[in-house]
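For the protein sequence lines, the chains are A and B, in the order given. To convert, count from 1 in the first sequence and add 52; that's the working numbering. To convert, count from 1 in the second sequence and add 52; that's the working numbering.
Number of protein chains: 2
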Amino acid sequence: MKFAEKLLTTKSIYQGRIINLEEQTVELPNGQTAQREIVRHHGAVALLCLTAAKDKIILVRQWRQPINKTTLEIPAGKIEAAEEPLVTARRELNEETRLAAKQLEQIAVFYTSPGFADEKMYLYVAHDLRPVKNQLPQDDDEFLELVELTMEETDQAIAAGEICDSKTLMAIWYWKLLKTQTKG
Amino acid sequence: MKFAEKLLTTKSIYQGRIINLEEQTVELPNGQTAQREIVRHHGAVALLCLTAAKDKIILVRQWRQPINKTTLEIPAGKIEAAEEPLVTARRELNEETRLAAKQLEQIAVFYTSPGFADEKMYLYVAHDLRPVKNQLPQDDDEFLELVELTMEETDQAIAAGEICDSKTLMAIWYWKLLKTQTKG
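Below, the structure written as structure tokens:
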């Protein structure tokens, strides 16, 4: 831990519905002090969902106010307090796609932006999807449209900037890796 | 733009060195209003750097205060005001690895967490790396260690949780895709 920074003080700046913001003063390895701006987030899940023929990926079209545009992203959602990521994943899969998976395989766990935020994301592949029997209520401030794209169509959507976030690119690259392994 | 949210009010909560925070009130497509918590960030660059034999990836070991641990990440850094991403990339490559690239090839542009932040990241592959002639000064609150890992060693570092952020996983998966293409 030779690079570890020592926490001196924490000041809460903001407590929101989705994120909290803190300012920390830390002591650096050389003895000097520095300020750190830290966004706290409960974490999130995301799901790579392929159609039964495995030739299309299921995406969600939605408005993203922080970037002021509509995006195509893999199904995803925030982890509620004390919720297991796998439970969140099954819930979001139901809410956003009306599908249930026989098995959810965790393929990656990662921080989305560890320089300023602690958001941790759990990425799953959903296996053996089928329509849900009981549809969970959707968030009342979310407006979604489901879209199925072939791999070629995802290339076009990436070039057009409609697919434009890290978790969705990761899911598509993972899908490409799966395809090369199946061929080999 | 049928899902577009209409901005009603913006309230500045915090203006920091790295991020700003805003609270927005928006009108939803159904006419209701909702609150949005938005982190503003200047954007960042990240670089996939392979050794000359292309058998190892160059990573940076550093402390990340938001997640309270040491990580192994690809070289990366924040875009300064009015800086071109390609200029940032060359600067960060020099500062963090003391290398210069004959060519930087952009392989992806993405938002790291579009649900609450506008941070946009430009990911490059660095081609034909060689030691720099003029070393730029390093940030005085950054303490770094360079590490070179084989693909197998990255698998171990991922399993151990030391490689744990989206951009670095993306770079490694892209490297794997490159390898399968070279073989094919």
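Glycine included, every Cβ here is placed at the ideal spot set by N, Cα and C.
Nearest to residue i (by Cα), restricted to the options the options
i: A:Leu156; options: A:Ala169, A:Ser165, A:Pro166 and A:Leu175; result: A:Leu175
i: A:Lys172; options: A:Ala98, A:Ala209, A:Ala212 and A:Lys108; result: A:Ala98
i: B:Asp180; options: B:Glu132, B:Phe162 and B:Lys154; result: B:Lys154
i: A:Asp217; options: B:Arg182, B:Val161 and B:Cys216; result: B:Val161
i: A:Glu144; options: A:Leu229, A:Lys106, A:Leu201 and A:Gln190; result: A:Gln190
i: A:Asp192; options: B:Pro118, B:Leu60, B:Lys106 and B:Gly83; result: B:Gly83
i: B:Arg116; options: A:Glu135, A:Pro81 and A:Gly129; result: A:Pro81
i: B:Val177; options: B:Pro183, B:Ala152, B:Glu197 and B:Leu196; result: B:Ala152
i: A:Glu205; options: A:Leu111, A:Thr140 and A:Lys130; result: A:Leu111
i: B:Asn146; options: B:Tyr163, B:Pro183, B:Asn120 and B:Glu135; result: B:Pro183
i: B:Leu196; options: B:Glu214, B:Leu124 and B:Leu230; result: B:Leu124
i: A:His93; options: A:Ala86, A:Asn120 and A:Ala134; result: A:Ala134
Element boundaries [alpha helix (DSSP H), containing residue i]
i: B:Val139; result: Pro137 to Thr149
i: B:Glu237; result: The question about residue 237 of chain B has no answer here: the residues shown for chain B are numbered 53 through 236.
8 Å Cβ cutoff met for residue i and residue j
i: B:Lys63; j: B:Glu74; result: yes
i: B:Phe168; j: A:Ile70; result: yes
i: B:Met222; j: A:Met222; result: yes
i: B:Arg150; j: B:Gln187; result: yes
i: B:Thr122; j: B:Gln114; result: yes
i: A:Cys101; j: A:Pro127; result: yes
i: B:Lys108; j: B:Glu194; result: no
i: A:Ile90; j: A:Gln67; result: no
i: B:Pro118; j: A:Asp170; result: yes
i: A:Gly129; j: A:Ala96; result: yes
i: B:Tyr226; j: A:Trp225; result: yes
i: B:Thr232; j: A:Thr85; result: no
Residue i: first and last residue of the uninterrupted beta strand (DSSP E) it sits in
i: B:Thr122; result: Lys121 to Glu125
i: A:Ala105; result: Taken as a continuous stretch (DSSP letters only), A:Ala105 belongs to no beta strand (DSSP E), as it is neither H nor E.
i: A:Gly129; result: Ala128 to Lys130
i: B:His93; result: Thr85 to His93
Residue(s) in a DSSP beta bridge with residue i
i: A:Ser64; result: A:Glu74
i: B:Glu157; result: B:Val177
i: B:Trp227; result: Answer is none; B:Trp227 lacks a bridge partner.
i: B:Gln114; result: B:Thr123
i: A:Phe162; result: A:Met173
i: A:Ala133; result: According to DSSP, A:Ala133 bridges with nothing at all.
i: A:Glu200; result: A:Ile110
i: B:Ala152; result: B:Arg182
i: B:Ala56; result: DSSP lists no partner for B:Ala56.
i: A:Leu100; result: A:Val177
i: A:Asp193; result: None, per the DSSP bridge assignment.
i: B:Glu79; result: B:Lys58 and B:Thr85
Min CB distance residue i to chain C below 8 Å
i: A:Gly68; result: In the structure shown, chain C does not exist; the protein chains are A and B.
Residue burial classification, residue i (beta-carbon count within 10 angstroms, cutoff 16)
i: B:Arg88; result: buried
i: A:Lys185; result: exposed
i: B:Lys219; result: buried
i: A:Met148; result: Looking at the sequence shown, residue 148 of chain A is not Met but Glu. With 16 or more Cβ atoms within 10 Å of its Cβ, A:Glu148 is classed as buried.
i: A:Lys54; result: exposed
i: A:Glu132; result: exposed
i: B:Lys228; result: buried
i: B:Gly236; result: Annotation note: pLDDT 45 at B:Gly236 (below 50); position unreliable, coordinate value reported separately. The residue is exposed, with fewer than 16 neighbouring Cβ atoms inside 10 Å.
i: A:Leu60; result: exposed
i: A:Thr234; result: exposed
i: B:Ala78; result: Note that residue 78 of chain B is Val in the sequence shown, not Ala. So B:Val78 counts as buried.
i: B:Ala141; result: buried
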